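Residue numbers (full-length UniProt numbering): 1 to 67.
Quick reminder that beta carbons are idealized off the backbone N, C-alpha and C, glycines included.
Because the structure is a prediction, the values reported are computed rather than measured.
Worksheet: one structure, shown below.
Written out as structure tokens, the structure is:
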């Protein structure tokens, strides 16, 4: 079974952020799950979609860190 994988630049573009911001999210442990093979970082698209679902806010709801 072959999974669809993405490079950090692709995921950053999809999330409308920068590759540097995505790297910070990896370092802090606050971003989508990722795969590290040596120095190479890859993302499963399913994990990116799950990350978005987990961080979805409903109207009137405040996520931690919002002011």
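Buried versus exposed, by CB contacts within 10 Å (16 or more), residue i
{"i": "residue 67", "result": "Legend: pLDDT at residue 67 = 49, less than 50; position of this residue unreliable, value from coordinates given subsequently. Flag for residue 67 reads exposed."}
{"i": "residue 21", "result": "exposed"}
{"i": "residue 53", "result": "exposed"}
Unbroken beta strand (DSSP E) run spanning residue i, endpoints
{"i": "residue 36", "result": "35 to 37"}
{"i": "residue 44", "result": "40 to 44"}
Neighbourhood of residue i by C-beta, 8 Å cutoff - its chain only, sequence neighbours within 5 removed
{"i": "residue 47", "result": "32, 33 and 34"}
{"i": "residue 5", "result": "35, 42, 43, 44 and 45"}
Span of the alpha helix (DSSP H) around residue i
{"i": "residue 26", "result": "19 to 28"}
{"i": "residue 15", "result": "Counting along the chain, residue 15 falls outside any alpha helix (DSSP H), and DSSP gives it neither H nor E."}
Same chain, Cβ closer than 6 Å to residue i, five either side skipped, listed in chain order
{"i": "residue 41", "result": "8 and 34"}
{"i": "residue 3", "result": "44"}
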